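Trainee: Line order of the protein sequences matches chains H and D. Numbering follows the UniProt record's numbering, with no gaps: position 301 of the first sequence is 301. Numbering follows the UniProt record's numbering, with no gaps: position 248 of the second sequence is 248.
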Amino acid sequence: MSVLLATAVLTALTAACGAAPDEPAAAAKAGADAKTATSAAAFGGVEGLVAAAEKEGELNVIALPPDWANYGEIIKAFEAKYPKIKIKSENPDASSSDEIAAVKSRKGQDRAPDVLDLGIAFARSGADEGLFAPYKVEAWDKIPAGQKDPEGRWYNDYGGYISIGCDARRIPVCPQTFADLLKPEYKGKVALNGNPTKSGSAFGGVYAAALANKGSFGDIQPGIDFFGQLKKSGNFIPVESTPATVEKGETPISIDWDYLNAGYADQFKDKGVDWKVAVPADGVYAQYYSQAINKDAPHPAAARLWMEFLYSTEGQNLWLKGYARPVLLPAMTADGTADNGLVAKLPKVEGTPAFPASAELDKAKATLAEKWDKALS
Amino acid sequence: MSAPAPTPHTTGTAGGSTTRRRRRGPRTWLAALPLLVFTALCFGIPLGALVFGAVTRTDSRSGATSLTGEHLARSLQGPYLGSLIGSVQLSALTALIGAVLGVLIAQAVVTSRSQGLRNAALTASGVLANFGGVPLAFAFIATLGISGVVTRLADLGSLGWDLYSFTGLAVVYLYFLIPLMVLATVPALDGLRPQWREAAQNAGATAWQFWRHVGLPVLAPSLLGGFVLLFGTAFAAHATAAALVGGSVPLVTLKIADALSGNVLTGQENVALALGLDMILIAGLVMAVYLPLQRRSARWLR
Numbered sequence: 001m002s003v004l005l006a007t008a009v010l011t012a013l014t015a016a017c018g019a020a021p022d023e024p025a026a027a028a029k030a031g032a033d034a035k036t037a038t039s040a041a042a043f044g045g046v047e048g049l050v051a052a053a054e055k056e057g058e059l060n061v062i063a064l065p066p067d068w069a070n071y072g073e074i075i076k077a078f079e080a081k082y083p084k085i086k087i088k089s090e091n092p093d094a095s096s097s098d099e100i101a102a103v104k105s106r107k108g109q110d111r112a113p114d115v116l117d118l119g120i121a122f123a124r125s126g127a128d129e130g131l132f133a134p135y136k137v138e139a140w141d142k143i144p145a146g147q148k149d150p151e152g153r154w155y156n157d158y159g160g161y162i163s164i165g166c167d168a169r170r171i172p173v174c175p176q177t178f179a180d181l182l183k184p185e186y187k188g189k190v191a192l193n194g195n196p197t198k199s200g201s202a203f204g205g206v207y208a209a210a211l212a213n214k215g216s217f218g219d220i221q222p223g224i225d226f227f228g229q230l231k232k233s234g235n236f237i238p239v240e241s242t243p244a245t246v247e248k249g250e251t252p253i254s255i256d257w258d259y260l261n262a263g264y265a266d267q268f269k270d271k272g273v274d275w276k277v278a279v280p281a282d283g284v285y286a287q288y289y290s291q292a293i294n295k296d297a298p299h300p301a302a303a304r305l306w307m308e309f310l311y312s313t314e315g316q317n318l319w320l321k322g323y324a325r326p327v328l329l330p331a332m333t334a335d336g337t338a339d340n341g342l343v344a345k346l347p348k349v350e351g352t353p354a355f356p357a358s359a360e361l362d363k364a365k366a367t368l369a370e371k372w373d374k375a376l377s
Numbered sequence: 001m002s003a004p005a006p007t008p009h010t011t012g013t014a015g016g017s018t019t020r021r022r023r024r025g026p027r028t029w030l031a032a033l034p035l036l037v038f039t040a041l042c043f044g045i046p047l048g049a050l051v052f053g054a055v056t057r058t059d060s061r062s063g064a065t066s067l068t069g070e071h072l073a074r075s076l077q078g079p080y081l082g083s084l085i086g087s088v089q090l091s092a093l094t095a096l097i098g099a100v101l102g103v104l105i106a107q108a109v110v111t112s113r114s115q116g117l118r119n120a121a122l123t124a125s126g127v128l129a130n131f132g133g134v135p136l137a138f139a140f141i142a143t144l145g146i147s148g149v150v151t152r153l154a155d156l157g158s159l160g161w162d163l164y165s166f167t168g169l170a171v172v173y174l175y176f177l178i179p180l181m182v183l184a185t186v187p188a189l190d191g192l193r194p195q196w197r198e199a200a201q202n203a204g205a206t207a208w209q210f211w212r213h214v215g216l217p218v219l220a221p222s223l224l225g226g227f228v229l230l231f232g233t234a235f236a237a238h239a240t241a242a243a244l245v246g247g248s249v250p251l252v253t254l255k256i257a258d259a260l261s262g263n264v265l266t267g268q269e270n271v272a273l274a275l276g277l278d279m280i281l282i283a284g285l286v287m288a289v290y291l292p293l294q295r296r297s298a299r300w301l302r
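#1: Determine the direct distance from the alpha carbon of Ser377 of chain H to that of Lys371 of chain H, and round the result to whole angstroms.
#2: What are the residues in the region 260-284 of chain D lying within 9 Å of chain H by C-beta distance?
#3: Pairing CB atoms from the region 261-276 of chain D with CB atoms from the region 102-116 of chain H, are three or more of them under 8 Å?
#4: Could you please give the first and the last residue of the uninterrupted alpha helix (DSSP H) stretch that includes Ala301 of chain H?
#5: Please name the residue in H:Lys321, H:Trp68, H:Trp275 and H:Ile62 whose C-alpha comes closest to that of Val173 of chain H.
#6: Contact criterion: CB-CB distance below 8 Å. Does Asp155 of chain D meet it with respect to chain H?
#7: Below 8 Å on the Cβ atoms is my guess for Asn270 of chain D versus Ala73 of chain D; work out the distance and round it to an integer in Å.
#8: Express the C-alpha separation of Phe122 of chain H and Ala366 of chain H in angstroms, rounding to a whole number.
#9: Buried or exposed for Glu23 of chain H, please, with buried defined as at least 16 other CB atoms from any protein chain shown within 10 angstroms of its CB.
#10: Are the Cβ atoms of Pro238 of chain H and Val245 of chain D separated by less than 8 Å?
#11: Take Leu144 of chain D and list the residues in its own chain whose beta-carbon comes closer than 6 Å to its own, dropping the five residues that flank it on each side.
#12: Measure from the C-beta of Leu230 of chain H to each C-beta in chain D and report whether the shortest distance is under 8 Å.
#13: Pick out the complete alpha helix (DSSP H) segments inside the region 73-108 of chain H, 4 residues or longer, and give them in chain order.
#14: Please say whether Gly228 of chain H and Lys187 of chain H have beta carbons closer to each other than 8 Å?
#15: Against chain D, with Cβ distances strictly below 8 Å, would Asp98 of chain H count as a contact?
#16: Under a CB-based cut-off of 8 Å, is Tyr164 of chain D close to chain H?
#17: My parser needs the beta strand (DSSP E) runs of 3 or more residues fully inside the region 155-241 of chain H; what are they?
#18: Considering just the uninterrupted stretch of the alpha helix (DSSP H) at Asp258 of chain D, what are its terminal residues?
#19: Does the beta-carbon of Gly284 of chain D have 16 or more other beta-carbons within 10 angstroms, so that it is buried, or is it exposed?
#20: Closer than 7 Å by C-beta to Ala286 of chain H: which residues in its own chain qualify, once you throw out the five before and the five after it? Chain order, please.
#21: Could you check where the beta strand (DSSP E) with Glu58 of chain H kicks off and where it finishes?
#22: Put Asp155 of chain D into one of helix, strand or coil per three-state DSSP.
#23: For a minimum of 3 consecutive residues, which ranges assigned as the beta strand (DSSP E) are wholly contained in the region 278-302 of chain H?
#24: DSSP on Trp319 of chain H, reduced to helix/strand/coil?
#25: Of the choices H:Ile62, H:Val50 and H:Ala278, whose alpha-carbon is the least far from that of Ile293 of chain H?
#26: Spatial neighbours of Leu293 of chain D within its chain, please: C-beta separation below 7 Å, excluding the five flanking residues on both sides.
#27: Going along the region 222-252 of chain D in order, which residues come within less than 9 Å of chain H, judged by CB to CB distance?
#28: Using a Cβ cut-off of 9 Å, pull out every chain D residue sitting near Lys365 of chain H, in sequence order please.
#29: Starting from Trp257 of chain H, trace the beta strand (DSSP E) both ways and give me its first and last residue.
#30: Mapping the DSSP letters down to three states, classify Pro34 of chain D as helix, strand or coil.
#31: In chain order, what residues of the same chain lie with their CB nearer than 8 Å to the CB of Leu183 of chain D, ignoring the 5 residues before and after it?
#32: Should the region 295-305 of chain H be called in touch with the region 104-112 of chain H, which here means at least 3 C-beta pairs below 8 Å?
#33: Determine the DSSP secondary structure at Asp117 of chain H, reduced to helix, strand or coil.
#34: Could you tell me the distance, in whole angstroms, from the CA atom of Met307 of chain H to the CA atom of Gly119 of chain H?
#35: So, for Gly86 of chain D: in the same chain, excluding its five sequence neighbours on each side, which residues have a beta-carbon less than 6 Å away from its beta-carbon?
#36: Suppose you measure from the CA of Gly133 of chain D to the CA of Ala257 of chain D; what does that come to, to the nearest Å?
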C-alpha cells in the first residue's frame, strides 16, 4: 500500500515536471508517436528514429552485467555510436523478476527502465500482463518464428548451450558429458551457477541433465535425480559458482552457459587457470534471453533505437564476441555478415537447438520447485 | 546481510538499577510518542503491506484484487514448509550452542583479573558479531572450503568435513553468534556481585549449589534474552547461507529470495510475502514463550 502511495505521489510529481510550459509541442507529439511506434517506419526510417532518440538524450537499462555476454562493450559501442544518448545502467546484477518489479513499481516515472533483458518465462508472463510495447526491428523477418512473439512484444536476442567448464590445472581429465560427472574422480568438484529454483543457468543445467538421462522437455525429474545422485556420491558441491570461485579453484567443474564459461577462459588465462569448455553431447540444451520494451518507457524512441542496435549486424557480432550465440546467427552466416573468426571460437555443438513449449517449461519448473530440496538434502 | 538485531532486552535487569522507583503519571506515554510514531511508520506500514500481499491476489489482466488464503496455504506445504522447519532447526541448534559457549567465554572474561584480556575479548566480540554476509562466507570458503587452506593442510576432506552442509552452516553461524552472546551476557555477569558468592560460601554452599540457587536464577532473564537474540539473528540470516549452500540446506530466507527475485519461477511474489508473515509469526511465538519466562525470573530480582 505504501508503495502504491509513493508511486502515486511520484507519478504526480513527474507528470508535473513533464508538463513544463516551455517544451515545444512538436517534441511532445513526436514523443507520443514514439510510444506507439511499432517499427522504424513510423519515424520515417532509422534516421528519424535516431533523431527522435537523440532528442530524448537518455536510455535507462537494467540488469545488464558488463561481464555477461559482452554487455559492457555493447553499452560502450552504443554510446560511441550515438554520443548524444546517455545510458543509465541500473542494478546490473538484477534478476528478471527484479526487472518486472521495476517496470510495475515505477510506472510513469522518469527512472523506469526503458528496455528489458528477460528470461523467457518472464518475457511471456510480462507480455500476458500487457507490460511491453510491440515493436518490430528492421531484422524482424530474420528472427526464427519459434523465437519471437508474433505481435513483437518480445523476441529472443542471444543465448547459448549448457556447458561444462573445467579447470584443467586441477582436473587431470576434464569431463565431456553428464555421464562423466558421476565418476568418483570428480568428488567434491561439480558446481552449478546457483540454485536452479532461482538461477536461470542452473535451471538449464538440470534440464540438460534430464535430457541426458532419458528425460524430456516435459519430464525434468531425471535431471533432479541425476543431481541427487551427484550429491549422494559427494561429487556435487552446492556452492554457487562465480568468477571468484572459478578463479580460486573452489568450483573446479562448473555447469553453466557456454558463453559464461568461455568468457571465464579468457578472463583467467593470465591468472593461471586453464579453463576448458565442453558442451556435453548427451544433454544438449540451449536457451535464449529475450528483449522487450517497457510499454511506459520514459524514453520510447531511445528504447526502440537500442533494439535496432542490438539486432543490427554490429550488435549481434558484439554478442558473438562475448561467446553468446545471437539469434540472427543463422541468417548472418547465410548472408556472410557474421564475424567468422568469432564463430570459429564458439564451443562446438552438434545439431540445431530445440526449445520447450511454454506448458512444458511451466511443468518443469513446478516439478523442480517441488522436488529439488528433497533430492539434494 | 545478516544484520544483527539491536539488543534491547538482554541487558540490565540483573543490575542494581531495577530498584529505582518508576514514575507513573498521565504524561508518561507522551515521552514515548516519537517511538510509537516511528514504530508505526517503519514497522507498521511494511507489515501492513506484507499482510495485504499475503492474503490477496491481484489479477494481472483486470487488476482486480480479491481475498485468498491460497498463498498462506502454499507457504505451509511441501518445500516451503520444509524450509521453515529447516530454518527453525538450524536457528534453535546454533542459538543453543552459541548461548552455552558464549556464556562460558563471557564468564571466563569476567572472572579473569586481566583488564587487557577483557578489552581484547570484548572488542573482538564486537567486531566478529557484526562480521556476516557474503564476506564471511568467502572467508570460510577460503579457509575451510574444499580447496581451503586449513582443509588441505589438515586433510579435513578425508575426515568427512563438508562446509557446504547443515553442519558447515552451523559452524559458520556460530562464528558470529558466539561473540554476540558474549556481548549480550558480559554486563549481566558483571552484575553478579562477588559478595553473593562469598555469602553462599560462608553459609557452606558448594559452587554447584551457588550456581543452581543463586547464579543461574539471577542470570536467567539475560540468558533467555541472549538465546532469543541469537535465534532471531540466525533465523533472519540470508546472505551467508545463500553464498555457502545455495539450495541444498532448505532455509526460509533463501526460499523468499527465490520467490521474490529469481530468474526461474514467475508469479511467486505473494507466496514470498506469506513466508515473510510465517517468519513473523514464528518470531512472535518465540517472544511469547520468552516474555512470561523472563517476567517469572525477573520476579526474584525485586
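Ideal placement from N, C-alpha and C gives every residue a C-beta, glycine not left out. Given the structure is predicted, the values throughout are model-derived calculations rather than measurements.
Mentor: Reading it off the structure:
#1: For this step, residue 371 of chain H is matched to residue 371 along the first sequence. For this step, residue 377 of chain H is matched to residue 377 along the first sequence. About 10 Å.
#2: Leu260, Ser261, Gly262, Asn263, Val264, Leu265, Thr266, Gly267, Gln268 and Glu269
#3: no
#4: Indexing the first sequence from 1 puts residue 301 of chain H at position 301. Segment Pro300 to Leu310, the alpha helix (DSSP H) holding Ala301 of chain H.
#5: The sequence position of residue 173 of chain H within the first sequence is 173, counting from 1. Minimum Cα distance to Val173 of chain H is reached at H:Trp275.
#6: Counting from one through the second sequence, the residue named residue 155 of chain D turns up at place 155. No, because no Cβ of chain H sits closer than 8 Å to the Cβ of Asp155 of chain D.
#7: As a first step, residue 270 of chain D must be located in the second sequence, where it is residue number 270. As a first step, residue 73 of chain D must be located in the second sequence, where it is residue number 73. Not really, about 12 Å apart at Cβ, beyond 8 Å.
#8: The residue you call residue 366 of chain H lines up with position 366 of the first sequence. The residue you call residue 122 of chain H lines up with position 122 of the first sequence. When rounded, the distance between both Cα atoms is 15 Å.
#9: Indexing the first sequence from 1 puts residue 23 of chain H at position 23. Note on Glu23 of chain H: pLDDT 41, under 50, position unreliable in the model; no value is reported.
#10: By one-based count along the first sequence, residue 238 of chain H stands at place 238. By one-based count along the second sequence, residue 245 of chain D stands at place 245. Yes, the pair counts as a contact, with Cβ atoms nearer than the cut-off.
#11: As a working mapping, residue 144 of chain D is identified with position 144 in the second sequence. So the qualifying residues of the chain are Val150, Thr151 and Leu163.
#12: Along the first sequence, one-based indexing puts residue 230 of chain H at 230. Closer than 8 Å to the CB of Leu230 of chain H there is not a single CB belonging to chain D.
#13: With a minimum length of 4 residues, the continuous alpha helix (DSSP H) runs that stay inside the region 73-108 of chain H are 96-105.
#14: As a first step, residue 187 of chain H is located in the first sequence; it is residue number 187 there, counting from the start. As a first step, residue 228 of chain H is located in the first sequence; it is residue number 228 there, counting from the start. Not in contact: Lys187 of chain H and Gly228 of chain H (Cβ atoms no closer than 8 Å).
#15: Here residue 98 of chain H is taken as the residue at index 98 of the first sequence, counted from 1. Among the residues facing chain D, Asp98 of chain H is included, as its CB has a counterpart in that chain under 8 Å away.
#16: As a first step, residue 164 of chain D must be located in the second sequence, where it is residue number 164. Yes, its Cβ sits closer than 8 Å to a Cβ of chain H.
#17: 190-192
#18: Residue 258 of chain D sits at position 258 when you count from the first residue of the second sequence. Looking at the DSSP string, the run of the alpha helix (DSSP H) that includes Asp258 of chain D is Val252 to Leu260.
#19: In the second sequence, residue 284 of chain D corresponds to position 284, counting from 1. That one is exposed.
#20: For the purposes of this step, residue 286 of chain H is taken as the residue at position 286 of the first sequence. Taken in chain order, the residues that qualify are Gly159, Gly160, Tyr161 and Pro353.
#21: Taking the first residue of the first sequence as position 1, residue 58 of chain H is located at position 58. Residues Glu58 to Ile62.
#22: Counting from 1 along the second sequence, the entry for residue 155 of chain D is found at position 155. In this structure, Asp155 of chain D counts as coil in the three-state DSSP scheme.
#23: 286-294
#24: For the purposes of this step, residue 319 of chain H is identified with residue 319 of the first sequence, where counting begins at 1. Assignment of Trp319 of chain H by DSSP, reduced to helix, strand and coil, places it in the helix class.
#25: On the first sequence, residue 293 of chain H is found 293 positions in, with the first residue counted as 1. With distances taken between Cα atoms, Ile293 of chain H lies closest to H:Ile62.
#26: In the second sequence, the residue the question calls residue 293 of chain D occupies position 293. Closer than 7 Å at Cβ, skipping near neighbours: Leu224.
#27: Ala242, Ala243, Leu244, Val245, Gly246, Gly247, Ser248, Val249 and Pro250
#28: On the first sequence, position 365 is the one that residue 365 of chain H refers to. The contacting residues are Val264, Leu265 and Thr266.
#29: By 1-based counting over the first sequence, the position of residue 257 of chain H is 257. Trp257 of chain H: member of the beta strand (DSSP E) spanning Ile253 to Trp257, first to last residue.
#30: Along the second sequence, read from residue 1 onward, the residue named residue 34 of chain D stands at position 34. Helix.
#31: Indexing the second sequence from 1 puts residue 183 of chain D at position 183. So the list reads Thr7, Leu122, Ser125, Gly126 and Ala129, once near-sequence residues are dropped.
#32: yes
#33: Residue numbering aside, residue 117 of chain H sits at position 117 when the first sequence is read from its first letter. Residue state, collapsed to three classes: strand.
#34: In the first sequence, the residue the question calls residue 307 of chain H occupies position 307. In the first sequence, the residue the question calls residue 119 of chain H occupies position 119. Each residue's alpha carbon lies about 17 Å from the other.
#35: Counting from 1 along the second sequence, the entry for residue 86 of chain D is found at position 86. For Gly86 of chain D, where only same-chain residues beyond five positions count, the Cβ hits under 6 Å are Pro250 and Leu251.
#36: Mapped onto the second sequence, residue 133 of chain D falls at position 133. Mapped onto the second sequence, residue 257 of chain D falls at position 257. Distance between the alpha carbons of Gly133 of chain D and Ala257 of chain D is about 15 Å.
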